[in-house]
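*Asks:* Chains as they are written, first to last, in the working numbering: chain A, 1 to 282; chain B, 283 to 403.
This is the structure, below, for whatever I ask next.
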Ligand SMILES: C[S@@+](CC[C@H](N)C(=O)[O-])C[C@H]1O[C@@H](n2cnc3c(N)ncnc32)[C@H](O)[C@@H]1O
């Protein structure tokens with residue numbers, strides 16, 4: 001059955017209200033394919049939309065929103081940027097935090113966990129270096145389904161090798177029945193996953209040294225994007241590093257962050273970027 | 283331009299791999315089995331070999347062992363690409379001198395990242 005304009009608009013509005021994600025008209029075709037099982041259960045798109053509108057059965061709207069979200073992710077997605085983050089940017093933070101020996105990292109919009117685990121694995125591989133440090137990794141996503149999967153740390157054969165080298169795969173994953181690969185508890189326990197929307201209350205102020213918010217804000221409207229950037233800035237320590245997705249930038253989007261002059265491709269709080277630039281120039 | 287030799291007895295797999303590799307700016311050559319791959323390497327050594335496990339005439343492991351035992355002026359990176367998808371096979375391949383391992387099915391992101399990890403992309 002054809003998806004009417006009216007139904008598409010209602011579903012798109014629901015998605016945007018709950019998550020900030022806008023479904024561009026050119027991506028509306030996704031609605032039907034993403035909602036196929038729901039449409040089958042309800043008999044038609046219009047009946048599904050009516051049921052969603054009255055949220056009956058309870059939880060239907062949540063489930064539909066989750067199905068409409070794009071959860072694409074993989075390990076070390078955009079490898080050169082991860083090399084920058086876990087190389088020079090992390091070394092700089094290591095120097096800055098040598099006194100407190102504490103680092104806090106936030107993956108906002110973490111999907112099924114590969115991004116947070118990419119970082120956790122690296123710390124686990126550098127035990128002597130981080131001896132005596134407290135490294136907190138918090139990963140959040142609006143979708144309950146992906147957070148549950150992330151917590152399990154269990155990936156299909158297809159997922160486990162996407163972005164991950166075979167050495168790390170053999171070191172940190174156990175092969176299980178049904179071509180599944182289970183992440184070692186040692187790494188799994190390093191990440192705390194929470195269901196949380198970027199639109200909801202901000203996390204505690206000035207707490208994170210590294211923030212990843214990648215391939216999440218792409219489909220936000222400009223206003224919302226600016227609000228979220230401001231919140232990320234508020235949640236960041238003055239020296240914090242922000243990492244976005246490969247095609248994303250803060251330039252022209254917000255004044256809260258600026259290009260990190262030492263690590264191009266990463267971003268710093270706007271106030272921090274200027275002195276670093278001076279230091280780099282001298 | 284980096285070069286890749288795709289060694290697989292399946293024409294379909296060679297075509298899929300070629301397509302992805304070309305979008306990653308590789309010059310691609312093909313061989314249907316290990317023996318043909320060896321003569322390609324003798325003629326001109328590629329930067330990287332994408333290697334199937336089971337092939338007629340000469341399989342991937344025999345090719346790899348022969349390649350690594352020969353004194354070529356340079357050795358290519360070797361990325362296995364196969365349906366032998368268990369940890370034991372993967373370890374055996376690495377022990378025999380493979381640099382990376384791709385389990386079929388795979389996509390562009392998987393192949394690209396493996397090529398980055400071995401340092402050719
Ligand atoms: C395309 S995935 C990107 C995952 C990962 N950051 C990466 O780059 O590989 C986007 C994720 O953001 C989540 N998301 C979308 N809107 C969100 C919001 N308002 N708050 C938190 N997470 C959100 C989605 O559920 C999805 O898992």
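Virtual Cβ for every residue (Gly too), placed ideally from N, Cα, C.
Would you list the one or two residues that DSSP bridges to residue 155/A?
*Replies:* As a working note, residue 155/A is residue 155 in the first chain. Residue 155/A is bridged to 181/A.
*Asks:* For a test of the three-state rule: what should DSSP assign to residue 82/A, helix, strand or coil?
*Replies:* Working through the first chain from its first residue, we reach residue 82/A at position 82. Look at residue 82/A here: in three-state DSSP terms it is helix.
*Asks:* Taking 8 Å as the CB-CB cut-off, is residue 286/B touching chain A?
*Replies:* Working through the second chain from its first residue, we reach residue 286/B at position 4. Taking Cβ atoms only, chain A never reaches closer than 8 Å to residue 286/B, which makes this a no.
*Asks:* Run the proximity test for residue 259/A: is its beta-carbon closer than 7 Å to any non-hydrogen atom belonging to ligand 1?
*Replies:* Taking the first residue of the first chain as position 1, residue 259/A is located at position 259. Every heavy atom of ligand 1 is 7 Å or more from the Cβ of residue 259/A, so no.
*Asks:* Give a yes or no on contact between the region 299-319 of chain B and the region 333-350 of chain B, applying the rule of three or more CB pairs nearer than 8 Å.
*Replies:* yes
*Asks:* Less than 8 Å between the beta carbons of residue 111/A and residue 76/A, yes or no?
*Replies:* Locating residue 111/A in the first chain gives position 111, counting from the first residue. Locating residue 76/A in the first chain gives position 76, counting from the first residue. Their beta carbons are not under 8 Å apart, which means residue 111/A does not touch residue 76/A by this criterion.
*Asks:* Assign residue 351/B to buried or exposed, taking buried as 16 or more other Cβ atoms, counted over all protein chains shown, within 10 Å of its Cβ.
*Replies:* Here residue 351/B refers to the residue found at position 69 of the second chain. Residue 351/B is exposed by the Cβ-count criterion.
*Asks:* For residue 173/A versus residue 183/A, is the C-beta distance shorter than 8 Å?
*Replies:* Translated into the one-based positions of the first chain, residue 173/A becomes position 173. Translated into the one-based positions of the first chain, residue 183/A becomes position 183. Contact: yes.
*Asks:* Residues in its own chain within less than 6 Å of residue 69/A by CB, not counting five upstream and five downstream?
*Replies:* As a working note, residue 69/A is residue 69 in the first chain. Taken in chain order, the residues that qualify are 143.
*Asks:* Counting only beta-carbon separations shorter than 8 Å, does residue 387/B have a partner in chain A?
*Replies:* On the second chain, residue 387/B is found 105 positions in, with the first residue counted as 1. So, interface residue.
*Asks:* May I have the straight-line CA-CA distance separating residue 388/B from residue 67/A, to the nearest angstrom?
*Replies:* Residue 388/B sits at position 106 when you count from the first residue of the second chain. Residue 67/A sits at position 67 when you count from the first residue of the first chain. Their Cα atoms are separated by approximately 24 Å.
*Asks:* Hey, residue 377/B and residue 400/B are a contact pair by Cβ (cut 8 Å); roughly how many whole angstroms apart?
*Replies:* Within the second chain, the letter at position 95 stands for residue 377/B. Within the second chain, the letter at position 118 stands for residue 400/B. That pair is no contact at about 17 Å.
*Asks:* Please check if any C-beta of chain A sits within less than 8 Å of the C-beta of residue 307/B.
*Replies:* What you label residue 307/B is simply residue 25 of the second chain in a count that begins at 1. It does not: the Cβ of residue 307/B has no partner Cβ on chain A nearer than 8 Å.
*Asks:* Tell me which residues share the same chain as residue 297/B and place their Cβ nearer than 7 Å to its Cβ, disregarding the 5 neighbours each side in the sequence.
*Replies:* Looking up residue 297/B in the second chain gives position 15. Correct list: empty, nothing qualifies.
*Asks:* Helix, strand or coil: how does DSSP classify residue 172/A here?
*Replies:* Indexing the first chain from 1 puts residue 172/A at position 172. Of the three classes helix, strand and coil, the one that applies to residue 172/A here is helix, per DSSP.
*Asks:* Using only alpha-carbon positions, find the residue among 181/A, 253/A, 239/A, 231/A that is nearest to residue 204/A.
*Replies:* Translated into the one-based positions of the first chain, residue 204/A becomes position 204. Here the closest residue by C-alpha is 231/A.
*Asks:* Return helix, strand or coil for residue 282/A, following the three-state DSSP convention.
*Replies:* For the purposes of this step, residue 282/A is taken as residue 282 along the first chain, with counting starting at 1. Residue placement at residue 282/A is poorly supported in this model, since its pLDDT is 48, which falls under 50; the coordinates still yield a value, given next. DSSP places residue 282/A in the coil class of the three-state scheme, outside both helix and strand.
*Asks:* How close, in whole Å, do the beta carbons of residue 241/A and residue 89/A come, if the pair is a contact with beta carbons under 8 Å?
*Replies:* In the first chain, the residue the question calls residue 241/A occupies position 241. In the first chain, the residue the question calls residue 89/A occupies position 89. That pair is a contact at about 5 Å.
*Asks:* Using the C-alpha atoms, what's the distance from residue 311/B back to residue 235/A?
*Replies:* Position 235 of the first chain, counted from the start, is the residue given in the question as residue 235/A. Position 29 of the second chain, counted from the start, is the residue given in the question as residue 311/B. Cα-Cα distance, rounded: 51 Å.
*Asks:* Sorry if obvious, but does the Cβ on residue 69/A come closer than 7 Å to a heavy atom of ligand 1?
*Replies:* One-based indexing of the first chain puts residue 69/A at position 69. Yes.
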